[in-house]
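Visitor: Residues 35 to 366, numbered by this note's numbering, are exactly what the sequence shown covers, in order.
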Amino acid sequence: MRYVFIFVISLLFSCKETYEVPNHTPGVVRVIDGLLMTAYGEGGLIIANENSGEVITQIFPPQGMNSIDDFDKDGDLIFVLDSRGRDYMAVFSFDGRAADLVTKPLTVEGGPFNGISASNGNLVVSGGTTFLNRFKYSNNGELEGPVTFGRDRGHPDVLLSDDGQAAFISTDFDGGVNGFGVTSLYIGDQLQIPFIASELRILESGITIGVTGPVGFPIQTATYNDNLIVAHGGGLTIISLIENYVFDTSTNVDIGISGVSLAMDSNIGYIIGYQGEIPTLVKVDLSDISSPILVSSESLPTEGNIPTSIALGDTDIYIAAGTAGLIVLPKN
35 MRYVFIFVIS
45 LLFSCKETYE
55 VPNHTPGVVR
65 VIDGLLMTAY
75 GEGGLIIANE
85 NSGEVITQIF
95 PPQGMNSIDD
105 FDKDGDLIFV
115 LDSRGRDYMA
125 VFSFDGRAAD
135 LVTKPLTVEG
145 GPFNGISASN
155 GNLVVSGGTT
165 FLNRFKYSNN
175 GELEGPVTFG
185 RDRGHPDVLL
195 SDDGQAAFIS
205 TDFDGGVNGF
215 GVTSLYIGDQ
225 LQIPFIASEL
235 RILESGITIG
245 VTGPVGFPIQ
255 TATYNDNLIV
265 AHGGGLTIIS
275 LIENYVFDTS
285 TNVDIGISGV
295 SLAMDSNIGY
305 IIGYQGEIPT
315 LVKVDLSDIS
325 SPILVSSESL
335 PTEGNIPTSI
345 ALGDTDIYIA
355 AGTAGLIVLP
365 KN
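#1: Output yes or no for whether 9 Å exceeds the beta carbon distance between S239 and S218.
#2: I need the boundaries of the beta strand (DSSP E) containing P180, first residue and last residue.
#3: Return yes when the Cβ of G356 is within less than 9 Å of the Cβ of P60, no when it is not.
#4: On the CB-based measure, 16 or more other CB atoms within 10 Å of its CB, does T137 come out buried or exposed?
#5: Can you list, in chain order, the residues of its chain with a C-beta nearer than 8 Å to that of I227? Leave out the 5 residues immediately preceding and following it.
#6: Tell me, please, whether the stretch 76–96 touches the stretch 114–130 by the rule of three or more beta-carbon pairs shorter than 8 Å.
#7: Do you know whose CA, among Q224, P146, L275, lies nearest Y171's CA?
#8: Tell me the DSSP secondary structure of Y74 in three-state form.
#9: So, using beta-carbon positions, are F104 and I112 closer together than 9 Å?
#10: Does any heavy atom of the ligand MN sit closer than 8 Å to the C-beta of V62?
#11: Where do the ends of the beta strand (DSSP E) carrying N301 lie?
#12: Pick helix, strand or coil for A200, following the three-state DSSP scheme.
#13: Between I66 and the rest of its own chain, which residues show a CB-CB distance below 6 Å, the 5 nearest in sequence each way excluded?
#14: Which of the three DSSP states, helix, strand or coil, is assigned to A132?
#15: Give me whichever residues DSSP pairs with P313 in a beta bridge.
#16: Quick check: L193 and T255, are their CB atoms within less than 9 Å of each other?
#17: Counting only runs that start and end within the stretch 74–160, where is the beta strand (DSSP E) found for 3 or more residues in a row?
#18: Rounded to the nearest angstrom, what separates G87 and D196 at their Cα positions?
#19: Mark S292 as exposed unless 16 or more other C-beta atoms lie within 10 angstroms of its C-beta, in which case mark it buried.
#20: Using only alpha-carbon positions, find the residue among G359, T72, E277, P139 that is nearest to I90.
#21: Could you check where the beta strand (DSSP E) with L320 kicks off and where it finishes?
#22: Relative to the C-alpha of E176, which residue among A124, G267, V158 is closest?
#23: Please report how far the alpha carbon of Y279 lies from the alpha carbon of P56, in whole angstroms.
#24: Report yes if the C-beta distance between V294 and I305 is below 9 Å; otherwise report no.
#25: Going by other Cβ atoms of all chains shown within 10 Å of its Cβ, with 16 needed for buried, is I263 buried or exposed?
#26: Short of 6 Å in beta carbon distance, which residues of its chain neighbour P96, apart from the five on each side in sequence? Order them along the chain.
#27: How long is the line joining the alpha carbons of S127 and G310, rounded to whole angstroms?
#28: What residue range is occupied by the uninterrupted beta strand (DSSP E) comprising N167?
#29: For the beta strand (DSSP E) containing H266, name the first residue and the last one.
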């Protein structure tokens, strides 16, 4: 793969307010509908105004759940997942100021390293070290299902397409550093076992050294136009998608780091990972998907902590980094 140019910039902290949850550390961070949402495990889920940094509410794990380790939001519904010990999932409604429990915690298949994704009435909880669960949900949060499917091992992370018709699953096909990759599942609208559209093994995509936790497992995905962008231990892989989310061509891109998590902003991919043992943020220009451009590479001020998740706001980058907290950096 040819890089057109490399331009390294220095990142400075922004002045945006941040917050802390005493005795707890951030694991997964996302910006959805102008809301900065951060999972703090036993400390629950903090929802803040992304532009002002003002904390709107804190959702505590409901009775029966130990923590909130992963989450997703669709419309007025927030789906939360406990990935510590037994696995539980619950649904909240959110009116912009307060959150109310609408579906009490229920047990799902899982194990360590699972995740949750919701879109357009479809919900999938990835299986972690076991099977996946698929649900349908109504506008008021009522659940139908689950349907259980998949292998009995190795489904660490899940991303649903924007239309909710497909699920992209990081997959342990047979263990080992070269036994991992990504599966594309076509879901459809009926509550039934999805069918496999495509599978792709990705070399060196296995466990990234030092990165462990209940969720936020490496081999994470984002969509960009008709492409699936995958961050993994070997760097970055770009997969073109055709009808029914079938994989067409794929390209591995050496971005100089082992990828842990990524986020897309228009044509720019932001990937956090490791360059050797140094936590690093890389920006890649994907305007020409056939010839990615490495824009910048910069070490992260994580105070020796492992960065686990990245999210993008209007002007800022948010990185969850253990006891270093939620790091806020300007995009430019």
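Glycine included, C-beta positions come from ideal geometry on N, C-alpha and C. Note that this is a predicted model, so its numbers are computed, not measured.
Guide: Straight from the coordinates:
#1: Indexing the sequence shown from 1 puts residue 239 at position 205. Indexing the sequence shown from 1 puts residue 218 at position 184. Result no, Cβ atoms of S239 and S218 do not sit closer than 9 Å.
#2: Taking the sequence shown and counting its residues from 1, one reaches residue 180 at position 146. Note, P180: beta strand (DSSP E), 177–183.
#3: If you number the sequence shown from 1, residue 60 lands on position 26. If you number the sequence shown from 1, residue 356 lands on position 322. Yes. Within cutoff.
#4: Stepping through the sequence shown from its first residue, residue 137 is reached at position 103. Buried, by the Cβ-count rule.
#5: Here the question's residue 227 lines up with position 193 in the sequence shown. Once the five neighbours on either side are set aside, the close Cβ partners of I227 are R168, V181, F183.
#6: yes
#7: Within the sequence shown, numbered from 1, the residue matching residue 171 stands at position 137. When only C-alpha atoms are compared, the closest one is Q224.
#8: On the sequence shown, residue 74 is found 40 positions in, with the first residue counted as 1. In the structure shown, Y74 sits in coil (DSSP, three-state: anything other than H, G, I, E or B).
#9: Counting from 1 along the sequence shown, the entry for residue 104 is found at position 70. Counting from 1 along the sequence shown, the entry for residue 112 is found at position 78. First, the amino acid is wrong: residue 104 is Asp here, not Phe. Not a contact, by the Cβ cut-off of 9 Å.
#10: In the structure on display, the ligand MN does not appear, and there are no ligands present to speak of.
#11: The residue you call residue 301 lines up with position 267 of the sequence shown. Looking at the DSSP string, N301 is not in any beta strand (DSSP E), and its letter there is neither H nor E.
#12: As a working note, residue 200 is residue 166 in the sequence shown. It is a strand residue.
#13: Counted from its first residue, the sequence shown places residue 66 at position 32. Excluding sequence neighbours, I66 sits near K107.
#14: What you label residue 132 is simply residue 98 of the sequence shown in a count that begins at 1. The answer is coil: DSSP assigns A132 none of H, G, I, E or B.
#15: Mapped onto the sequence shown, residue 313 falls at position 279. Y308.
#16: Here the question's residue 193 lines up with position 159 in the sequence shown. Here the question's residue 255 lines up with position 221 in the sequence shown. Result yes, Cβ atoms of L193 and T255 sit closer than 9 Å.
#17: 79–83, 89–93, 104–108, 111–116, 122–128, 133–141, 150–153, 156–159
#18: As a working mapping, residue 87 is identified with position 53 in the sequence shown. As a working mapping, residue 196 is identified with position 162 in the sequence shown. Each residue's alpha carbon lies about 27 Å from the other.
#19: Indexing the sequence shown from 1 puts residue 292 at position 258. The residue in question, S292, is buried, as its Cβ has 16 or more Cβ neighbours within 10 Å.
#20: Walking along the sequence shown from the start, residue 90 turns up at place 56. For I90, the nearest C-alpha among the options comes from T72.
#21: As a first step, residue 320 must be located in the sequence shown, where it is residue number 286. Where L320 is concerned, there is no enclosing beta strand (DSSP E), given that its DSSP letter is neither H nor E.
#22: Taking the first residue of the sequence shown as 1, we reach residue 176 at position 142. Nearest of A124, G267, V158 to E176, Cα basis: A124.
#23: Here the question's residue 279 lines up with position 245 in the sequence shown. Here the question's residue 56 lines up with position 22 in the sequence shown. Roughly 43 Å between the two C-alpha positions.
#24: Position 260 of the sequence shown, counting from 1, holds the residue named residue 294. Position 271 of the sequence shown, counting from 1, holds the residue named residue 305. Their beta carbons are under 9 Å apart, which means V294 touches I305 by this criterion.
#25: In the sequence shown, residue 263 corresponds to position 229, counting from 1. Classification of I263: buried, given that the 10 Å Cβ count is 16 or more.
#26: The sequence position of residue 96 within the sequence shown is 62, counting from 1. Taken in chain order, the residues that qualify are A124, L135, P139.
#27: Working through the sequence shown from its first residue, we reach residue 127 at position 93. Working through the sequence shown from its first residue, we reach residue 310 at position 276. Whole-angstrom Cα-Cα distance: 43 Å.
#28: What you label residue 167 is simply residue 133 of the sequence shown in a count that begins at 1. It spans 166–171 - the beta strand (DSSP E) in which N167 sits, taken as one unbroken run.
#29: The residue given as residue 266 occupies position 232 in the sequence shown. Here the beta strand (DSSP E) through H266 covers 261–266.
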